[in-house]
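Peer 1:
Residue numbers (my numbering), protein chains in the order written: chain A, 232 to 393; chain B, 12 to 216; chain C, 9 to 365.
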């Protein structure tokens, strides 16, 4: 009897129609796709995207060329040269990050004693020529200047958990 | 006029590709030439207003028989050199067979009693259906030979199946019906419902 | 006005043969353009529908709602290089896509689009269709063999065996139709289904209808029967070595065949261009009376429904295993069709109502 029932079920394609009903229902289901350039997924304040170098409120750059980030970087992506500035402080003359090498681990940010190097939430960047992947000190400072408000807000939001 | 040209083209194609069948070096090419021959002769039959026969020729021989032929020929790694070895030895037999076939065709063509007409076929009435005419002839006048031919073919099928069907012990077979019948709900998967563990007491910080 | 008049008189002055030839050529050109456009938008619809069923959007960037996507794809394909593999049989390699596309288009000659609107009102239209569609497999076999590639060859072999198996079931299903319609002429078969939706052959021949449509899916190598392509097993099967326009030709042939199978299912089983509400007096009198009229629109709508089914199947079913495909074709479909043919013959001979009275 069981076998007969199974035979009839398979002959009437019952299970296939069940499957079709499922996909037929999903056809009308709400689509969760994010339409990317217009919409963005919400990002955590801890998001680790493109790097930036910050400045103090008076415009002085934070970085003191301690090279802790260069030392801690597991991918050896950071290159720093430094010399004494006229006012006797130690400053970087070169601060390059090779974004092909960088693994976005965020250890540089953790190591930085003056909160200079940070990883921002910026993800929309690309390179078109070889060599463009190396971001220099000027570029990183510019990112920091442009996105300071967001960077500060993200740091403030994450501060209670640190 | 146009019919003449079409006939000449199709006839040349038929003869040419038939020659190709026996001269082609590669067996796959020979099989493809045979397909070409069938198609061209189907075209010739169309010229004779025998559209049913023409279409069935294409359907059965081109669509099914030659596909299986190609299927086999492509898989075999035939050595054309060894195939050509016995040519001289078997040539007389081939010539005799060819002569017999030729004589049969000649008999049909030149024997007036069979009533074979030549030239362009007579124009048929508007509603004339070749298929219906053929069906009526086969199932009334030639019903008996037709059935006998069918039985002979059936015997051929059964014989071919019996020749290839052999039971080999120790070979693992898949029972597809059984595999298809499998269902996750019945017997394959057991969903166990058990109470979740009690939550550990919150640690005081 | 005078120009139109002179044009008409010039047309009437032409010999009848020439008139017929010109009319046929114009018909063919229009048909092919429509088909190619339909194929282009079929690819778009496929990606959209399957996307929707998988709860995502599908292509929606090129043009409004992505409507220009097919043209982007076509331009990309046309500008690509046609690569000839080394040791491939050049002639057969290039002829195979041509065979595929020719057979896919040639079958449209006998499809009636509306009452009497067809290229060739051949008496043996049904047989012609079967004969032409049986040609299609040569494109695939030759492509697979001429490519000189293991994967392509495996695809061709699978496709050949599958086509032969399902062509028989398909043929038997169509025999059922011609038993019911008592004609091989497609126009007459459609006219035989006049009346409302209940007169369609899909009802008395329901099993044959299902067998026909499923065999049609198998014949066109669509999922769940696409072992000839089987991208997860044999890369892309018979067209793995093809690129650019040659690949586009195979693509076009596959989709044209899908539309053809849908059109045939419509003509044979679902009353072709006939309206499902034909003969419903109350509706005919109401403002919605145009719904009862027979028109090409109904034909197109029914084709669209079957094409949607193709996509629906693709989104729903996993690929069959090869031996299961063979089992389904030989051991399930052919017995079903034979049994139903016997039953139908009895019904036809004894004129059993409601359908065969």
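We put the beta carbon where it would ideally sit given N, CA and C, even for glycine.
Since residue 324 of chain C contacts residue 251 of chain A with CB under 8 Å, what's their CB separation in whole angstroms?
Peer 2: Indeed, because the Cβ distance is near 5 Å, the residues count as touching under 8 Å.
Peer 1: Look at residue 142 of chain C and residue 96 of chain C and say whether their C-beta atoms are less than 7 Å apart.
Peer 2: For residue 142 of chain C and residue 96 of chain C, no; Cβs fall outside 7 Å.
Peer 1: For residue 187 of chain B, which option in C:333, C:360, C:28, C:187 has the closest C-alpha, if you only look at C-alpha atoms?
Peer 2: Here the closest residue by C-alpha is C:333.
Peer 1: Under 8 Å Cβ to Cβ from residue 303 of chain A, same chain only, skipping five residues before and after it: list those, please.
Peer 2: For residue 303 of chain A, where only same-chain residues beyond five positions count, the Cβ hits under 8 Å are 338, 339, 341, 342.
Peer 1: Under 7 Å, CB to CB, which of the residues in the region 63–77 of chain C have a partner in chain E?
Peer 2: Within the model displayed, chain E is absent; protein chains A, B and C are what it includes.
Peer 1: Counting only C-beta atoms, is residue 368 of chain A closer than 7 Å to chain C at any point?
Peer 2: It does not: the Cβ of residue 368 of chain A has no partner Cβ on chain C nearer than 7 Å.
Peer 1: With 16 other CB atoms within 10 Å as the buried threshold, where does residue 42 of chain C fall?
Peer 2: Residue 42 of chain C should be labelled exposed.
Peer 1: Just to make sure I have the definition right: I need the residues of chain C whose C-beta is within less than 7 Å of the C-beta of residue 272 of chain A. Which are they?
Peer 2: Going along chain C, no residue has its Cβ under 7 Å from residue 272 of chain A, so there is no contact; the nearest lies around 15 Å.
Peer 1: Return the residue from the list C:111, C:165, C:171, C:287 that minimises the CA-CA distance to residue 265 of chain C.
Peer 2: Among C:111, C:165, C:171, C:287, the Cα nearest to that of residue 265 of chain C is on C:111.
Peer 1: Does any C-beta atom of chain A lie closer than 7 Å to the C-beta of residue 266 of chain C?
Peer 2: For residue 266 of chain C, the answer is no, since every Cβ of chain A falls outside 7 Å of its Cβ.
Peer 1: For residue 323 of chain C, go through chain A and note every residue whose CB falls closer than 7 Å to its CB, in chain order.
Peer 2: Simply 254.
Peer 1: If contact is defined by three or more beta carbon pairs under 8 Å, each pair taking one atom from either stretch, is the region 17–25 of chain C in contact with the region 40–58 of chain C?
Peer 2: At 8 Å Cβ cutoff, the stretches do not touch.
Peer 1: In this structure, what does DSSP give as the bridge partners for residue 350 of chain A?
Peer 2: DSSP, once it has assigned bridges, lists A:282 as partnering residue 350 of chain A.
Peer 1: Going by the C-beta, is residue 367 of chain A closer than 6 Å to any heavy atom of the ligand SAH?
Peer 2: Only the bare structure without any ligand can be found here, which leaves the ligand SAH out of the picture.
Peer 1: If contact means a Cβ-Cβ distance below 8 Å, which residues of the region 37–62 of chain C contact chain A?
Peer 2: Those would be 57, 60, 61, 62, in chain order.
Peer 1: Is the Cβ-Cβ distance between residue 323 of chain A and residue 288 of chain A less than 7 Å?
Peer 2: The answer is no: Cβ separation not under 7 Å.
Peer 1: Strictly under 7 Å for the Cβ-Cβ distance: is residue 250 of chain A near chain C by that measure?
Peer 2: So, interface residue.
Peer 1: Report the residue ranges of all beta strand (DSSP E) runs contained in full by the region 93–126 of chain C; include only those spanning at least 3 residues, in chain order.
Peer 2: Counting whole runs of 3 or more residues, the region 93–126 of chain C contains no beta strand (DSSP E) stretch at all.
Peer 1: According to DSSP, is residue 340 of chain A helix, strand or coil?
Peer 2: Helix, per DSSP.
Peer 1: What does residue 205 of chain B pair with, by DSSP beta-bridge criteria?
Peer 2: In DSSP, residue 205 of chain B forms no bridge with anything.
Peer 1: In the DSSP assignment, the alpha helix (DSSP H) including residue 65 of chain C goes from what residue to what residue?
Peer 2: Taken as a continuous stretch (DSSP letters only), residue 65 of chain C belongs to no alpha helix (DSSP H), as it is neither H nor E.
Peer 1: Going along chain B in order, which residues have a C-beta closer than 9 Å to the C-beta of residue 155 of chain C?
Peer 2: Result: empty, since nearest Cβ-Cβ is about 12 Å, beyond 9 Å.
Peer 1: Is DSSP giving residue 328 of chain A helix, strand or coil here?
Peer 2: Strand.
Peer 1: What does residue 374 of chain A reach in chain C if we use C-beta pairs closer than 9 Å?
Peer 2: Chain C residues near residue 374 of chain A: none, gap ~29 Å exceeds 9 Å.
Peer 1: So, at 7 Å on beta carbons, what are the nonlocal neighbours of residue 59 of chain C in its own chain, with the 5 sequence-adjacent residues on each side left out?
Peer 2: Within the same chain, residue 59 of chain C has close Cβ partners 65, 66.
Peer 1: Which term fits residue 362 of chain A, buried or exposed, when burial requires 16 or more other beta carbons within 10 angstroms of its beta carbon?
Peer 2: Counting Cβ neighbours within 10 Å, residue 362 of chain A comes out exposed, since fewer than 16 surround it.
Peer 1: Starting from residue 113 of chain C, find everything on chain B with Cβ-Cβ shorter than 8 Å and list it in chain order.
Peer 2: Result: empty, since nearest Cβ-Cβ is about 17 Å, beyond 8 Å.
Peer 1: For the putative contact between residue 141 of chain B and residue 53 of chain B, defined by C-beta atoms under 8 Å, what is the C-beta separation to the nearest angstrom?
Peer 2: At roughly 14 Å, the Cβ-Cβ gap does not stay under 8 Å, so residue 141 of chain B and residue 53 of chain B are not in contact.
Peer 1: Say whether the region 258–277 of chain C touches the region 109–128 of chain C, bearing in mind that this needs 3 or more beta-carbon pairs closer than 8 Å, one atom from each stretch.
Peer 2: The region 258–277 of chain C vs the region 109–128 of chain C: in contact.
Peer 1: Which residues share a DSSP beta bridge with residue 294 of chain C?
Peer 2: None; residue 294 of chain C has no bridge partner.
Peer 1: Have a look at residue 197 of chain C and residue 92 of chain C and give me their C-alpha separation to the nearest angstrom.
Peer 2: Their backbone Cα atoms lie some 45 Å apart in a straight line.
Peer 1: Applying the 10 Å Cβ sphere with the 16-neighbour rule, what's the burial state of residue 319 of chain C?
Peer 2: Buried, by the Cβ-count rule.
Peer 1: Measuring only between beta-carbons, confirm whether residue 18 of chain B sits less than 7 Å from chain C.
Peer 2: No, no contact with chain C.
Peer 1: Can a CB atom of chain B be found closer than 7 Å to the CB of residue 172 of chain C?
Peer 2: Yes, residue 172 of chain C lies at the interface with chain B (some Cβ there is under 7 Å from its Cβ).
Peer 1: Listing by chain order, which chain A residues have their CB less than 9 Å from the CB of residue 320 of chain C?
Peer 2: Under the 9 Å cutoff, chain A gives 251, 254, 255, 258.
Peer 1: By how many angstroms is the C-alpha of residue 131 of chain C removed from the C-alpha of residue 164 of chain B?
Peer 2: Looking at the two C-alpha atoms, the distance is approximately 29 Å.
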